[in-house]
């Protein structure tokens, strides 16, 4: 059996509701304040450990989450990490050294992971990048922007702010870019998707496939936009290996 648990986070909760998934919430996101993030992190480890002890999983699978990694490692449960962002050094340093195996896209060299103490044989490459898993067979709807009330004949710009409340990115320029783009080009439709404020659950592939331009403060949506041949301006202040 496969069980899904996660920390309560506004965007994740939105997706869970829209997709009618069954997810058990353990703890919550700490926001942008460093002390609050540390305290929420500490609070999550105990219920995670008790959950694993009760459910006795054969393996725990994560991207990188150091509270989950610590709880699984402490109980001797094999830990598998799917990771495409060793450049997020803070989370990588706290979670990857505890992994039994790390699965990564082939474009990221093993050295990006072994520097955290993993042996080369613990790092397994797969011949794709992560968004292929959900985009390869995804059907898009060309009329989707019109369904949202956007002008069908106008160029579409989609903007997505970065994770400015995270521990590894502390600022964001996307909101400003969206405002300037809309001001200077009134003939465009500009849709800004926030990260921490409530917003509709968008059919993102349909949006990105229809867009003339995507301005992205993260990584995943930049790759998704490129998949559809949409021009991308990436604004996160460090370079992701899978975006080179």
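In my numbering, the protein residues as written are -12 to 231.
Ideal Cβ placement from N, Cα and C applies to all residues, glycine included.
Item	Value
Simplified DSSP assignment, three categories, for residue 112	strand
Same chain, Cβ closer than 6 Å to residue 220, five either side skipped, listed in chain order	202
Same chain, Cβ closer than 6 Å to residue 208, neighbours up to 5 away in sequence not counted	147
Reduced DSSP category for residue 37 - H, G, I as helix; E, B as strand; rest coil	helix
Nearest candidate by alpha-carbon position, reference residue 107, set 71, 89, 192	89
Inside the stretch 51 to 118 only - beta strand (DSSP E) runs reaching at least 3 residues	66 to 69, 88 to 92, 110 to 113
Rounded Cβ spacing between residue 232 and residue 99 (contact assumed at less than 8 Å)	Lying outside -12 to 231, the shown extent of the chain, residue 232 is not represented and no answer is given.
Residue 248 versus residue 57: straight-line alpha-carbon distance, rounded	Within the shown structure, residues of the chain are numbered from -12 to 231, placing residue 248 beyond reach of any answer.
Where residue 227 falls: helix, strand or coil (DSSP)	coil
Nearest candidate by alpha-carbon position, reference residue 184, set 223, 200, -1, 142	-1
Nonlocal neighbours in the same chain, by C-beta distance under 7 Å from residue 113, ignoring five residues either side	90, 92, 93
Where residue 180 falls, given that 16 or more other Cβ within 10 Å makes a residue buried	buried
Alpha-carbon to alpha-carbon, residue 6 and residue 134	19 Å
Extent of the continuous beta strand (DSSP E) run through residue 176	176 to 180
Per DSSP, the bridge partner or partners of residue 196	Residue 196 pairs with nothing; no bridge assigned.
Distance between residue 197 and residue 125 (C-alpha atoms, nearest Å)	14 Å
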